[in-house]
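Trainee: Below you'll find the structure I mean.
Chains as they are written, first to last, in my numbering: chain A, 4 to 332; chain B, 184 to 689.
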């Protein structure tokens, strides 16, 4: 068993696809080996250049750009899925939200200080200074709104790709940060809080299915150092608590790959990554010694990130969930 | 302070809140409320508490709230009971804006709540502004605070009334009277009718001063009258002459002792978390509606529903403060807060500590006022009391008491605040965390009145010294001849007892 695996986090994941309405057609967006591919766009870079020159940008290209922008965005972990159901967002929802955002800007030409405002008299020095401040604030507000709108559209588009993409994006983000716990992120903030919450939020639901514990009684922390971590159950009844310490990349290597719960075992690490066959280290019960299990992915069966079947059917996003593996011992 | 612990706590709370919200029954989720179960409110409340003690910056807090709202919106839209055509658009509209989840000003946002807006005014600035060049203060630059307590009647063809000068202050930001005004005629009580242009002020050397009138933003009865330029430090008196009346002489003689009202300072080693919880306790105490005017109608002796709703998050606030290492798990303050909640009829506060047997004396005094519920046989007349004391600095804030005003059943204590006061922002329970002092007043009958910050007023030339109106809860019920003022900071508290000179409008 290795504690610092050298293989890619997504080695246990198969490819997946989603159908995206693009222009007048339906295009396939594909994820494979950690990368997003646009099968219907031979030269996305050239399309970006054309778009920069004033042409329209294809939705597939926009989605790929959004993926790139958020592939290391820790905030994705708060919005993204926790359990097998994924999040259902349709492309018509993305369009409606985008139009609503543009309508609801609230800072149109008629707003104070906006274009179209004709000064009726020459302002005093103090008034001019106040107007300059207001104008600067308004510019900043507009910029913030535009950025926030773009970000929201990005995230909704990525969610619209479906649960299979949603969990892969979460895995991508966690993998981008898990090895850098000791370093602050680009904004100078610690990475630990978001990663701890991402771990506990997902593990709590897995633990509920594993041993029937109330998710509120699951406490997770990031494990550092040798070994896979620890899982300890304490107390009884209302006082029962499950204390779990796992490496940050558990969310990427185990949960996002659909391996969290296999054959009533909690998978705590991947010993030999691969698809459709892998070997994992798993616990039959809290406090028990971990055992090595050879697991096999059975394709074609809808499955969520904890290896169980998702509830609900029928959206564009959910069709992609069938690309997720269902692991068996 | 453990900022990482603080952020982790808030993010884990967001996870739990989302789980609980989604586990709620479909009826609750589809009820149309923007915040079913109050999870969003509680998350914001805890975030505000962490920001108030400096354990979390506004940028991070805003990001968490925005993402939490988006996460809730997309999940609510996935609810099978919703109309598929409108689901996400409606949900996004219901669950909030993508930016600015916190009601903070630009100054606070850009400076992440740590904007040093104010500081001691420079000595050379004078009343025109605090931004002049710094120089070493000389012996003549000592601040002067004088209780005045004099009435200046005025009368001309259009208006008659009076100004009651409560106090005179001369600081590096300038010189000013703090006054209450009253117009007897005409019936229209418009402050612009006061003939300020005809009121003259001259000192003992014959120098004359211009007046700048700055009405207060509250009831309009109080105001500051700025003298331009500031009289010299050695001025012995000021003669104030208003149209239609005789000259009133305001003595500026030797200040009373050191100007602090013989204040007693004692150390109080409270942590930032304890201080915040105590402030929240005071906020709860002062949120209870007072005795109704109609004695036959029973008062509501419990905190109003909005506060009760928020108080459900107190346990989370305690946990968050402990996670941020600004509150010891052994602190007695959470237990006091639990007792206070129980006394106010707030059952679901979430504080795990067992209730304390004892509460601070001022808290008990206010609680007994609520429980007494007896209206005063003779209500206190509208009036004003001169009182002036510059309290020793607490947590970097110098508070100078300017006077008391009782009007229309409400009492207010006015004070000048000097020091590094950042721009105000809304903290948990509506408190202003940037004013870090707790102020209480005890009347001659031994009853305590919480002085809750109700208004902070700055004007361009005195940005460094805002005037604060502190609303007394409960209001005064008699013209107390003296008052003991207790101001508490995180590291020390100060007590001073001051005689009061009451005046009443004619």
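Where a beta carbon is used, it is the ideal one built from N, C-alpha and C, also for glycine.
Smallest Cα separation from residue 630 of chain B: which of B:668, B:511, B:191 and B:354?
Mentor: Among B:668, B:511, B:191 and B:354, the Cα nearest to that of residue 630 of chain B is on B:668.
Trainee: Among the residues of its own chain, which have a CB less than 7 Å from the CB of residue 627 of chain B, if the five just before and after it don't count?
Mentor: Only 663, 664 and 665 meet the Cβ criterion.
Trainee: By the 10 Å Cβ neighbour count, where 16 or more other Cβ atoms means buried, how is residue 579 of chain B classified, buried or exposed?
Mentor: That one is exposed.
Trainee: Within 10 angstroms of the Cβ of residue 566 of chain B, are there 16 or more other Cβ atoms? Answer buried if so, exposed if not.
Mentor: Residue 566 of chain B is buried by the Cβ-count criterion.
Trainee: Who pairs with residue 671 of chain B in a beta bridge, going by DSSP?
Mentor: B:621 and B:676.
Trainee: Between residue 583 of chain B and residue 328 of chain B, is the Cβ-Cβ spacing less than 7 Å?
Mentor: Taking 7 Å as the Cβ cut-off, residue 583 of chain B and residue 328 of chain B qualify as a contacting pair.
Trainee: Under 8 Å, CB to CB, which of the residues in the region 194-216 of chain A have a partner in chain B?
Mentor: Per Cβ criterion, the list reads 195, 196, 197, 199, 200, 203, 204, 207 and 208.
Trainee: Closer than 8 Å is the cut-off here; do at least three beta carbon pairs connect the region 590-604 of chain B with the region 219-229 of chain B?
Mentor: Contact fails: fewer than three Cβ-Cβ distances are below 8 Å.
Trainee: By the criterion of Cβ-Cβ separation under 9 Å, what are the contact partners of residue 162 of chain A in chain B?
Mentor: What residue 162 of chain A touches in chain B: 257.
Trainee: Please classify residue 429 of chain B as buried or exposed, where buried requires at least 16 other C-beta atoms within 10 Å of its C-beta.
Mentor: It is exposed - the Cβ of residue 429 of chain B has fewer than 16 other Cβ atoms within 10 Å.
Trainee: Whose CA, out of B:411, B:524 and B:545, lies closest to the CA of residue 535 of chain B?
Mentor: Cα-wise, what sits closest to residue 535 of chain B is B:524.
Trainee: Where does residue 597 of chain B sit, in a helix, a strand or coil, going by DSSP?
Mentor: Strand.
Trainee: Using the Cα positions of residue 452 of chain B and residue 622 of chain B, report the straight-line distance between them to the nearest angstrom.
Mentor: Their backbone Cα atoms lie some 17 Å apart in a straight line.
Trainee: In its own chain, which residues sit with a C-beta less than 8 Å from the C-beta of residue 161 of chain A, not counting the 5 before and 5 after it?
Mentor: Cβ within range, chain order: 66, 69, 70, 73, 79, 168, 169 and 172.
Trainee: If we define contact as Cβ-Cβ less than 7 Å, is residue 710 of chain B a contact residue for chain A?
Mentor: There is no way to answer for residue 710 of chain B, as the model of chain B reaches only from 184 to 689.
Trainee: Name the residues in the region 227-252 of chain A whose C-beta lies less than 7 Å from a C-beta of chain B; which are they?
Mentor: Listed by position along the chain: nothing, the set is empty.
Trainee: Would you tell me roughly how many angstroms separate the C-alpha atoms of residue 22 of chain A and residue 235 of chain B, rounded to the nearest one?
Mentor: Cα to Cα, residue 22 of chain A sits roughly 47 Å from residue 235 of chain B.
Trainee: From which residue to which residue does the beta strand (DSSP E) around residue 632 of chain B run?
Mentor: Element bounds for residue 632 of chain B: 631-640.
Trainee: Report the residue from A:239, A:175 and A:204 whose alpha carbon sits nearest the alpha carbon of residue 259 of chain A.
Mentor: Out of A:239, A:175 and A:204, A:175 has the C-alpha closest to the C-alpha of residue 259 of chain A.
Trainee: Give, in chain order, every residue of the region 133-148 of chain A whose Cβ lies closer than 9 Å to some Cβ of chain B.
Mentor: The region 133-148 of chain A vs chain B, Cβ under 9 Å: 136, 140, 143, 144, 147 and 148.
Trainee: Could you name the residues of chain A that residue 243 of chain B contacts, counting a contact when the two beta carbons are closer than 7 Å?
Mentor: Chain A residues near residue 243 of chain B: 192.
Trainee: Give the residues from the region 187-212 of chain B that approach chain A closer than 7 Å (Cβ to any Cβ), ordered along the chain.
Mentor: Under the 7 Å Cβ criterion, the region 187-212 of chain B contributes 187, 190, 191, 194, 195, 197, 198, 199 and 202.
Trainee: Check whether the region 363-380 of chain B and the region 531-548 of chain B touch, using three or more Cβ-Cβ pairs below 8 Å as the test.
Mentor: With the cut-off at 8 Å, the region 363-380 of chain B and the region 531-548 of chain B do not touch.
Trainee: Does the contact criterion of 3 or more C-beta pairs under 8 Å hold for the region 462-470 of chain B versus the region 505-515 of chain B?
Mentor: No contact exists between the region 462-470 of chain B and the region 505-515 of chain B.
Trainee: Would you please verify whether the beta carbon of residue 253 of chain B is less than 7 Å from any beta carbon of chain A?
Mentor: True, the Cβ-Cβ gap to chain A drops below 7 Å.
Trainee: Taking one C-beta from the region 411-420 of chain B and one from the region 387-394 of chain B each time, how about it: are there three or more such pairs within less than 8 Å?
Mentor: Output reads yes: the region 387-394 of chain B touches the region 411-420 of chain B.
Trainee: In three-state terms, what does DSSP make of residue 189 of chain B?
Mentor: Helix, per DSSP.
Trainee: Nearest-angstrom Cα distance between residue 281 of chain A and residue 298 of chain A?
Mentor: Taking the straight line from one Cα to the other gives about 5 Å.
Trainee: Taking C-beta to C-beta, are residue 343 of chain B and residue 331 of chain B nearer than 7 Å?
Mentor: No, they are not a contact pair.
Trainee: Between A:200, A:156, A:283 and A:37, which lies nearest to residue 99 of chain A when the distance is taken from Cα to Cα?
Mentor: It is A:156.
Trainee: From this set, B:220, B:231 and B:671, which residue's C-alpha is nearest residue 501 of chain B's C-alpha?
Mentor: Selected option, being the one with the closest Cα: B:231.
Trainee: I'd like to confirm the pairing. Which residues does DSSP put opposite residue 577 of chain B in its beta bridges?
Mentor: B:580, per the DSSP bridge assignment.
Trainee: If we define contact as Cβ-Cβ less than 7 Å, is residue 90 of chain A a contact residue for chain B?
Mentor: So yes, residue 90 of chain A belongs to the interface.
Trainee: With burial defined as no fewer than 16 other Cβ atoms inside 10 Å of the residue's Cβ, what is the status of residue 551 of chain B: buried or exposed?
Mentor: Exposed, by the Cβ-count rule.
Trainee: So that I know if they touch, is there some Cβ in chain A lying closer than 7 Å to that of residue 250 of chain B?
Mentor: So, interface residue.
Trainee: Buried or exposed: which applies to residue 676 of chain B, given that a residue is buried once 16 or more other Cβ atoms fall within 10 Å of its Cβ?
Mentor: When all chains shown are included, residue 676 of chain B counts as buried.
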